[in-house]
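Asker:
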Amino acid sequence: MLTKWLKEVGRGKRGARDLSYEEAKDAAELILGGKATPAQIGAFFIAERIKMESVEELEAFVHVCRAHAFRAPIQKGMDCSGPYDGRKKSFFATFPTAFVLAAAGLPVTLHGSGSLPPKWGLTLQDLLLEAGIDANHASREKLVETAQATGVLYVPAEKWCPPLGELRSIRVELGMRTVLNTAEKLVDYSHSPYLLFGVFHNTVFERMAKLSERLGYERALIVQGMEGSEDLYIERPTRTYYVQNGQASMQIIDPDTYGLETLPPEVEWTAAAQIEAAEALLRGDGHLAFTNQVLLNSAVRLHLAGKADSIEQGLYLSKGLLDDGEPLALYTKWKELLR
């Protein structure tokens, strides 16, 4: 029964204790396996939120999510893990960036769902619907075939990991972050060796660095990005944590270093505005700030995955690809296959 573990994590600020990996795994199995009541699950989520999840607890929930999900070595590339609660104030640079990376020979896995608390922002699913793609009703085979043809895989998380969909109503009622807000971003549907992971608070850098190492990624970059996303800022420096071989180091990535610092325009973001901005820069007539942001994010990710020897080389490669129209061609093909 989940109440056994609820009593341990819900004893208050002083009495609560972290669960061991095995204890947390049992709790996660009860929750994701549908063996706990909504009241028990909600209480457990709130208690964990107050206590703050340990690395072992997060790892356990990730492994149980993975056990309940469809996962296959579809492509050896980069998993871009942004917030499932979406965005309200910033450009979705990771979306067009995915096609720059794919054009450079680095496959990309994107994933998400309908908007969730606490932010209730625009999600990748909203953008795809605006582009005429209903990924929730696309077959798994179609999504995989499209990824094999273009290098970009989109995963509707609640379809490929059904317990996430089954727990949505509880999360909506709670209206706050839960352990699933982190775990769902690390299901790693295509067994990617490289992880790009967005966080909101720099206080979780060390915890997420340890978690990414324990989950077996070859290299990971933890990014305190725009609205807690994996996207680097273009108007100011971004704090990141680089993780490899058990070592984590803080890196400040400053767009001014590369002559890219640009102030983005104020935009009332809708799904239509996001798609319009993304398609414009892929065509070569987008706003300079968004183009520079995609160039910087592409360069850093290519460097992380070993596709460029330096960020400078990554910028040169990314600009050449955009100028030649290869990312646009891939994006157009990707849309046609999924529509």
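Count the sequence shown with the UniProt record's numbering and you get residues 1 to 339, in order. Every residue, glycine too, gets a C-beta built ideally from N, C-alpha and C. Since this is a predicted model, take the numbers as computed values, not measurements.
(1) Using 7 Å as the threshold, is the C-beta distance between residue 314 and residue 299 below it?
(2) Is residue 83 closer than 7 Å to residue 228 when the C-beta atoms are compared?
(3) Apart from the five residues on each side of it in sequence, which residues of its chain come closer than 6 Å, Cβ to Cβ, to residue 135?
(4) Mind checking whether residue 93 and residue 267 have CB atoms under 7 Å apart?
(5) Can residue 72 and residue 152 be called in contact, C-beta distance under 7 Å?
(6) Residue range of the beta strand (DSSP E) that residue 96 falls in?
(7) Less than 7 Å separating the beta-carbons of residue 335 and residue 104?
(8) Taking three-plus beta-carbon pairs below 8 Å as touching, is the segment 277-289 in contact with the segment 208-226?
(9) Closer than 7 Å by C-beta to residue 235: which residues in its own chain qualify, once you throw out the five before and the five after it? Chain order, please.
(10) Please classify residue 19: does DSSP put it in a helix, a strand, or coil?
(11) Could I get the ranges of all uninterrupted alpha helix (DSSP H) runs contained in the segment 226-284, with 4 residues as the minimum, in chain order?
(12) What runs of the alpha helix (DSSP H), each 4 residues or longer, lie entirely inside the UniProt domain "Glycosyl transferase family 3 N-terminal" (8-69)?
(13) Following the continuous beta strand (DSSP E) through residue 79, name the residue where it begins and the one where it ends.
(14) Let me know if residue 148 comes out buried or exposed under the rule of 16 or more other beta-carbons within 10 Å of its beta-carbon.
(15) One question on the structure: do residue 100 and residue 310 come within less than 7 Å of each other, judged by their Cβ atoms?
(16) Taking all protein chains shown into account, do 16 or more other C-beta atoms lie within 10 angstroms of the C-beta of residue 163, making it buried, or fewer, making it exposed?
(17) Using three-state DSSP, classify residue 140 as helix, strand or coil.
(18) Less than 8 Å between the CB atoms is what I'm expecting for residue 97 and residue 77, so what's the real figure, rounded?
(19) Would you mind reading off the limits of the beta strand (DSSP E) that contains residue 156?
(20) In this structure, what does DSSP give as the bridge partners for residue 109?
(21) Please go through the same chain and pick out, in chain order, the residues whose beta-carbon is closer than 6 Å to the beta-carbon of residue 58, but skip the five residues on each side of it.
(22) Runs of 4 residues minimum, wholly inside the segment 158-217: which ones carry the alpha helix (DSSP H) assignment?
(23) Are the CB atoms of residue 14 and residue 8 nearer to each other than 7 Å?
(24) Just verifying my parser: in three-state terms, what is the DSSP assignment at residue 122?
(25) Please identify the residue among 167, 208, 88 and 171 whose C-alpha is closest to the C-alpha of residue 186.
(26) Report the rounded CA-to-CA distance for residue 197 versus residue 40, giving the unit in angstroms.
(27) So for residue 74, helix, strand or coil by DSSP?
(28) Pick helix, strand or coil for residue 311, following the three-state DSSP scheme.
(29) For residue 391 versus residue 184, is the C-beta distance shorter than 7 Å?
Answerer: On the basis of the supplied data:
(1) It is a contact, given that the beta carbons lie within the stated cut-off.
(2) Annotated as proximal: residue 228 and residue 83, with beta-carbon spacing under 7 Å.
(3) 128, 154 and 156.
(4) In this structure, residue 267 does not lie closer than 7 Å to residue 93 by Cβ.
(5) It is not a contact, given that the beta carbons lie outside the stated cut-off.
(6) From DSSP, residue 96 is part of no beta strand (DSSP E) but of the alpha helix (DSSP H) over 94-103.
(7) For residue 335 and residue 104, no; Cβs fall outside 7 Å.
(8) With a cut-off of 8 Å on Cβ pairs, the segment 277-289 is not in contact with the segment 208-226, counting fewer than three such pairs.
(9) So the list reads 261, 262, 263 and 264, once near-sequence residues are dropped.
(10) Of the three classes helix, strand and coil, the one that applies to residue 19 here is coil, per DSSP.
(11) Within the segment 226-284, the complete alpha helix (DSSP H) runs of at least 4 residues are 271-283.
(12) If we require 4 residues or more, the alpha helix (DSSP H) runs fully inside the UniProt domain "Glycosyl transferase family 3 N-terminal" (8-69) come out as 12-15, 21-32, 38-51 and 55-67.
(13) Segment 78-81, the beta strand (DSSP E) holding residue 79.
(14) Under this definition residue 148 is an exposed residue.
(15) Their beta carbons are not under 7 Å apart, which means residue 100 does not touch residue 310 by this criterion.
(16) Residue 163 counts as buried, since at least 16 other C-beta atoms from the protein chains shown sit within 10 angstroms of its C-beta.
(17) Looking at residue 140 - three-state DSSP - the assignment turns out to be helix.
(18) Between residue 77 and residue 97 the Cβ distance is about 13 Å, and since that is not below 8 Å, they are no contact.
(19) Under the DSSP assignment, residue 156 falls in the beta strand (DSSP E) whose first and last residues are 152-156.
(20) The beta-bridge partner set that DSSP reports for residue 109 consists of 79 and 153.
(21) Counting only Cβ-Cβ distances below 6 Å, and skipping sequence neighbours, we find 182 and 211.
(22) Taken in chain order, the whole alpha helix (DSSP H) runs of length 4 or more contained in the segment 158-217 are 162-166, 168-174, 180-183 and 205-214.
(23) One thing to note: residue 14 has its Cβ no nearer than 7 Å to the Cβ of residue 8.
(24) Three-state DSSP puts residue 122 in a strand.
(25) Residue 186 has its Cα closest to that of 208, out of 167, 208, 88 and 171.
(26) Those two C-alpha atoms are separated by around 30 Å.
(27) Correct three-state label for residue 74: coil.
(28) Shown here, residue 311 sits in a helix according to DSSP, grouped into three states.
(29) What the structure shows of the chain is the stretch from 1 to 339, and residue 391 is not part of that stretch, so it cannot be assessed.
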